[in-house]
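Residue numbers (the working numbering), protein chains in the order written: chain A, 1 to 296; chain B, 1 to 258.
We treat Cβ as the ideally placed atom computed from N, Cα and C, and that holds for glycine.
Okay, so here's the structure we're looking at.
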Amino acid sequence: MRLPRALRRDTGAAFVFLLPLLVLVIGLIAYPFARAIWLSLTDKLVGYPERFVGLRNYAYVLDDDTFHEVVKNTLVFTVGSLVLKVLTGLAMALVLNGVWRGRNFFRGLFLLPWITSTVVIALTWRWMFDAFPGRGFFNSVLIDTGLISHPIAFMATPAGAMGAVIVANWWRAFPFFGVSYLAGMQAIPRELYDAASVDGAGAWHRFRHVTLPGLRHVMIVTIVLSFILTINDFNIVYVMTRGGPGTATQVFATYSYEVAFNQLRWGRGVTISIFLVPALIVAIALVSRYLLKERE
Amino acid sequence: MGQSWNRTADGYGVMQGLMYSYGAAWAGKDGKYRSIKTPAMQKVMRWATDIYKEGIQPADTLTWTGSGNNENFIAHNIAQTSNGPSITFAMENAVAKATDAADRKKKEEALANHVALPHPAGPEGRRMWAIAMSFGVFKNSKDPEAAMSLVAHLLSPEETLGVMKDSYGQFAPVLDKGRAASKDYFNKNDNYRTFGKAAEWFVPTGWPGPITAAAAEVQASNVLTDAPAKVIVDKWSVDQAIEWEDKKIKEIYSTLGA
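This is the structure:
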């Protein structure tokens with residue numbers, strides 16, 4: 001069956017208009033992704049031709065004890081940061097939503113961490129957690145106020161170092177949550193709060209039954225977007241701890257970097273990253289679904 | 001003291017110097033994997049982990065990144081670290097950038113009161129890890145003669161002296177002509193004499209064998225510093241850590257060969 005001439009002309013024009021996008025999608029997304037999958041099936045070492053090794057890299061990584069720690073560390077880092085971001089983001093939005101005077105000033109002020117360079121943030125937090133009084137902010141304050149007599153080495157233990165990188169990541173991103181939740185709160189009709197008050201609902205019940213349901217979609221989108229960014233975070237961990245002490249803060253991005261660029265094993269380094277793909281696909285599918293639902 | 005077993009040359013470089021000075025090399029002269037499960041390596045591991053006991057080191061030393069030891073030395077938090085030339089350079093720079101006479105006096109005193117020494121010798125002698133900067137010409141080079149001429153120029157006494165000065169002592173000459181050309185530079189004071197002399201004790205990664213891809217990966221994979229970190233942080237025994245190290249190194253050599 002032949003298409004009508006006008007439709008054929010439109011199809012041709014549409015293809016021409018789509019071509020730049022198609023080139024970008026294939027060149028910047030499809031090809032690198034396919035190449036990464038291929039590399040993960042080879043023993044590619046920098047300077048040597050790649051050889052197909054099937055699933056050997058995957059088998060190695062699954063058996064690698066450091067990788068097991070990396071999976072655990074990444075989960076703790078990501079979940080810990082997300083919980084803090086949601087709680088403080090909500091608190092920030094609630095406070096700003098109730099304040100009228102200077103709201104825009106505070107909104108701008110709270111966005112400072114979001115626009116500051118990540119490396120500057122990581123170095124600053126590293127300095128704040130430093131064990132030496134006079135250098136480490138927290139130890140200086142605690143000693144000067146007489147709360148402790150000896151400095152605490154926050155970064156010396158696995159838990160302390162993980163806590164420090166979580167705090168730095170949280171501090172950088174919580175304004176994004178706060179501003180998003182504030183926008184969501186301002187979109188909730190005032191009448192719903194009035195009706196709840198008439199029914200005798202107190203502040204907690206209004207928050208629980210009006211605010212939270214009203215923020216549901218915003219919360220899901222921010223959590224999933226932040227999940228994607230946090231699980232891929234490299235800068236904060238690399239600058240603050242380089243994965244140490246030992247491998248206590250080694251996460252996917254830093255371990256993948258170390259294997260690919262220090263050990264020059266590109267095949268194995270890419271394989272480590274590919275283990276994140278299923279989780280990221282689920283996250284991206286969730287965001288897309290909720291964004292499309294909101295548009296409808 | 002301030003000795004971090006971290007993921008930088010300050011960690012794996014010092015660890016190799018320590019190992020080689022104890023005779024705890026993992027490779028043989030042929031470059032093949034020998035073994036790391038030796039009494040010498042046990043001594044190395046005990047020394048490396050004992051210095052983390054009883055407050056000899058600042059508690060957060062293991063998480064220092066590349067600049068941590070210099071920062072802590074210059075801030076008077078530690079009295080020793082393995083990173084001589086760059087600290088000297090930073091202290092000289094601080095004098096040059098002093099804001100007033102009092103500041104200058106303080107910084108000059110600090111510079112005068114620090115001393116650079118080679119690593120102490122171990123039971124098997126004094127060996128310090130170093131990277132040999134080498135030049136090569138590709139087989140399929142379009143103009144190998146021009147490439148060789150460039151190499152000759154870079155290795156000339158004048159260029160060698162330029163590299164020594166610009167690298168503030170991080171590089172030491174090994175060729176006779178280069179050593180002669182930089183003699184005055186390395187005679188500036190005792191610290192500089194140590195930097196110049198250091199080349200006499202240099203040994204490369206994978207010593208006593210040649211530098212192989214596998215030996216380089218042992219260093220790059222941080223196995224050498226992760227092992228003591230497992231004892232210090234994860235409370236593994238020294239034997240457990242060496243067993244783990246042996247497994248990792250064997251795996252590297254089995255895939256890359258010697």
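- Listing by chain order, which chain A residues have their CB less than 8 Å from the CB of B/Leu62? Here residue 62 of chain B refers to the residue found at position 62 when the second sequence is read from its first residue. Under a criterion of Cβ atoms nearer than 8 Å, the residues of chain A adjacent to B/Leu62 are, in order, Ala156, Gly244, Pro245 and Gly246.
- Query: Do we get a CB-CB distance below 8 Å when we pair B/Val137 with the residues of chain A?
  - Reply: Position 137 of the second sequence, counting from 1, holds the residue named residue 137 of chain B. Nearest CB-CB separation between B/Val137 and chain A: not below the 8 Å threshold.
- Item | Backbone CA spacing between B/Glu92 and B/Thr99 [nearest angstrom] | Looking up residue 92 of chain B in the second sequence gives position 92. Looking up residue 99 of chain B in the second sequence gives position 99. Each residue's Cα considered, the two are about 14 Å apart.
- Task: Using beta-carbon positions only, say whether A/Val287 and A/Val218 come within less than 8 Å of one another.
- Result: The count along the first sequence starts at 1 and reaches residue 287 of chain A at position 287. The count along the first sequence starts at 1 and reaches residue 218 of chain A at position 218. With contacts defined by Cβ atoms closer than 8 Å, A/Val287 and A/Val218 do not form a contacting pair.
- Item | Residue environment, A/Thr11, which counts as buried when at least 16 other CB atoms sit within 10 Å | Translated into positions along the first sequence, residue 11 of chain A becomes position 11. By the 10 Å Cβ count, A/Thr11 comes out exposed.
- Could you work out which residue in A/Gly47, A/Ala122, A/Asn57 and A/Glu69 is closest to A/Asn169 when comparing CA atoms only? Position 169 of the first sequence holds residue 169 of chain A. Measuring from the Cα of A/Asn169, the nearest candidate turns out to be A/Ala122.
- Message: Judging by CA-CA distance, which residue of B/Glu124, B/Lys43 and B/Tyr33 is the nearest neighbour of B/Ser21?
- Response: As a position in the second sequence, residue 21 of chain B is number 21, starting the count at 1. Distance from the Cα of B/Ser21 is smallest, within the candidate group B/Glu124, B/Lys43 and B/Tyr33, for B/Glu124.
- Task: In angstroms with no decimal places, state the Cα-to-Cα distance between B/Ala198 and B/Val14.
- Result: By 1-based counting over the second sequence, the position of residue 198 of chain B is 198. By 1-based counting over the second sequence, the position of residue 14 of chain B is 14. Going from the Cα of B/Ala198 to the Cα of B/Val14 covers about 14 Å.
- Item | Proximity below 8 Å, CB of A/Gly244 to CB of B/Ala229 | Here residue 244 of chain A refers to the residue found at position 244 of the first sequence. Here residue 229 of chain B refers to the residue found at position 229 of the second sequence. Yes, these two residues count as a Cβ contact at 8 Å.
- Message: So within the stretch 139-218 of chain B, which uninterrupted alpha helix (DSSP H) runs reach at least 4 residues, ignoring any that extend past its ends?
- Response: Here the runs fully enclosed are 144-154, 157-166, 176-181 and 190-197.
- Task: Less than 8 Å between the CB atoms is what I'm expecting for A/Trp38 and A/Pro113, so what's the real figure, rounded?
- Result: Here residue 38 of chain A refers to the residue found at position 38 of the first sequence. Here residue 113 of chain A refers to the residue found at position 113 of the first sequence. That pair is no contact at about 39 Å.
- Message: Please list the terminal residues of the continuous alpha helix (DSSP H) segment that includes A/Gly163.
- Response: The sequence position of residue 163 of chain A within the first sequence is 163, counting from 1. In the DSSP assignment, A/Gly163 falls within the alpha helix (DSSP H) that extends over Pro158 to Gln186.
- Query: Are the C-beta of B/Ala241 and some C-beta of chain A separated by less than 8 Å?
  - Reply: In the second sequence, the residue the question calls residue 241 of chain B occupies position 241. No, B/Ala241 does not count as interfacial toward chain A.
- Query: Between A/Tyr290 and A/Ile220, which are expected to be in contact by the criterion C-beta below 8 Å, what is the C-beta distance as a whole number of angstroms?
  - Reply: For the purposes of this step, residue 290 of chain A is identified with residue 290 of the first sequence, where counting begins at 1. For the purposes of this step, residue 220 of chain A is identified with residue 220 of the first sequence, where counting begins at 1. 5 Å between Cβ atoms; contact.
- Item | In DSSP terms, what A/Leu192 is bridged to | Reading the first sequence from its first residue, position 192 is the one you call residue 192 of chain A. A/Leu192 is not bridged to any residue.
- Query: Which partner residues does A/Leu45 have in the DSSP bridge list?
  - Reply: Here residue 45 of chain A corresponds to residue number 45 of the first sequence, with the count starting at 1. Beta-bridge pairing links A/Leu45 to A/Arg265.
- Interface partners of B/Lys230 on chain A, CB under 9 Å: Numbered from its first residue, the second sequence carries residue 230 of chain B at position 230. Neighbours of B/Lys230 across chain A, judged by C-beta separation under 9 Å: Gly246 and Thr247.
- Any residues in the stretch 204-238 of chain B with a beta carbon nearer than 8 Å to a beta carbon of chain A? Which ones, in chain order? Listed by position, the residues of the stretch 204-238 of chain B near chain A (Cβ gap below 8 Å) are Ala213, Glu217, Ala220, Ser221, Asn222, Asp226, Ala229, Lys230, Ile232, Val233 and Asp234.
- Query: What number of angstroms, rounded off, separates the C-alpha of B/Ala241 from the C-alpha of B/Thr194?
  - Reply: Here residue 241 of chain B refers to the residue found at position 241 when the second sequence is read from its first residue. Here residue 194 of chain B refers to the residue found at position 194 when the second sequence is read from its first residue. In a straight line, the C-alpha of B/Ala241 is about 34 Å away from that of B/Thr194.
- Query: Just by C-beta distance, which residues in the stretch 126-149 of chain A are closer than 7 Å to chain B?
  - Reply: Of all residues in the stretch 126-149 of chain A, only Ala131, Phe132 and Arg135 place a beta-carbon less than 7 Å from a beta-carbon of chain B.
- With a floor of 4 residues, list each alpha helix (DSSP H) that falls wholly inside the stretch 75-130 of chain B, ordered by position along the chain. Note on the stretch 75-130 of chain B: whole alpha helix (DSSP H) runs with a minimum of 4 residues are 84-96 and 101-112, in chain order.
- Task: Identify, in the order they occur along the chain, each residue of the same chain with its Cβ nearer than 6 Å to the Cβ of A/Ser273, setting aside the five sequence neighbours on each side.
- Result: What you label residue 273 of chain A is simply residue 273 of the first sequence in a count that begins at 1. Within the same chain, A/Ser273 has close Cβ partners Ser256.
- Message: Just to confirm, is the Cβ distance from A/Ala173 to A/Ser226 under 8 Å?
- Response: As a first step, residue 173 of chain A is located in the first sequence; it is residue number 173 there, counting from the start. As a first step, residue 226 of chain A is located in the first sequence; it is residue number 226 there, counting from the start. Yes, the pair counts as a contact, with Cβ atoms nearer than the cut-off.
- Item | For A/Met128 and A/Asn73, believed in contact at Cβ under 8 Å, the rounded distance | Translated into the one-based positions of the first sequence, residue 73 of chain A becomes position 73. Translated into the one-based positions of the first sequence, residue 128 of chain A becomes position 128. Not really, about 21 Å apart at Cβ, beyond 8 Å.
- Task: Could you tell me which of A/Leu19, A/Ala14, A/Pro20 and A/Arg51 sits nearest to A/Gly267, measuring between CA atoms?
- Result: Sequence index remark: in the first sequence, residue 267 of chain A carries index 267 (1-based). Comparing Cα-Cα distances from A/Gly267 to each of A/Leu19, A/Ala14, A/Pro20 and A/Arg51, the minimum goes to A/Arg51.
- Message: Cβ closer than 7 Å: which chain B residues qualify as neighbours of A/Ala161?
- Response: As a first step, residue 161 of chain A must be located in the first sequence, where it is residue number 161. Contact of A/Ala161 with chain B by beta-carbon distance below 7 Å involves Thr63.
- What is the rounded straight-line gap between the Cα of B/Ile232 and the Cα of B/Tyr52? In the second sequence, the residue the question calls residue 232 of chain B occupies position 232. In the second sequence, the residue the question calls residue 52 of chain B occupies position 52. So the alpha carbons of these two residues sit roughly 7 Å apart.
- Three-state secondary structure (DSSP) of B/Tyr52: Taking the first residue of the second sequence as 1, we reach residue 52 of chain B at position 52. DSSP places B/Tyr52 in coil when its eight states are reduced to three.
- A/Thr222 and A/Val237 closer than 8 Å at C-beta: Sequence index remark: in the first sequence, residue 222 of chain A carries index 222 (1-based). Sequence index remark: in the first sequence, residue 237 of chain A carries index 237 (1-based). At least 8 Å separates the beta-carbon of A/Thr222 from that of A/Val237.
- Query: Just reading off the alpha helix (DSSP H) that A/Gly80 is part of, what are its end residues?
  - Reply: Within the first sequence, the letter at position 80 stands for residue 80 of chain A. Where A/Gly80 is concerned, the enclosing alpha helix (DSSP H) starts and stops at Asp65 to Gly98.
- Message: Against chain A, does B/Asn77 count as a neighbour if the rule is that its beta carbon must be under 8 Å from one of theirs?
- Response: Indexing the second sequence from 1 puts residue 77 of chain B at position 77. Taking Cβ atoms only, chain A reaches closer than 8 Å to B/Asn77, which makes this a yes.
- Message: Within a Cβ cutoff of 6 Å, which residues of the same chain sit near B/Val174, ignoring the five residues on either side of it in sequence?
- Response: Position 174 of the second sequence, counted from the start, is the residue given in the question as residue 174 of chain B. Within the same chain, B/Val174 has close Cβ partners Ala199.
- Message: Whole angstroms are fine: how far does the CA of B/Met45 sit from the CA of A/Val83?
- Response: Residue mapping note: residue 83 of chain A aligns to position 83 of the first sequence, counting from 1. Residue mapping note: residue 45 of chain B aligns to position 45 of the second sequence, counting from 1. Looking at the two C-alpha atoms, the distance is approximately 40 Å.
- Item | Nearest residue (CA-CA) to B/Ala79, options B/Pro85, B/Asn70 and B/Ser86 | Translated into positions along the second sequence, residue 79 of chain B becomes position 79. Out of B/Pro85, B/Asn70 and B/Ser86, the CA that lies nearest to the CA of B/Ala79 is found in B/Asn70.
- How many angstroms separate the CA atom of A/Arg126 from the CA atom of A/Ala164? Stepping through the first sequence from its first residue, residue 126 of chain A is reached at position 126. Stepping through the first sequence from its first residue, residue 164 of chain A is reached at position 164. Annotation: A/Arg126 to A/Ala164 spans about 8 Å, alpha carbon to alpha carbon.
- Are A/Ser81 and A/Ile143 touching if we call contact CB-CB under 8 Å? The residue you call residue 81 of chain A lines up with position 81 of the first sequence. The residue you call residue 143 of chain A lines up with position 143 of the first sequence. Not in contact: A/Ser81 and A/Ile143 (Cβ atoms no closer than 8 Å).
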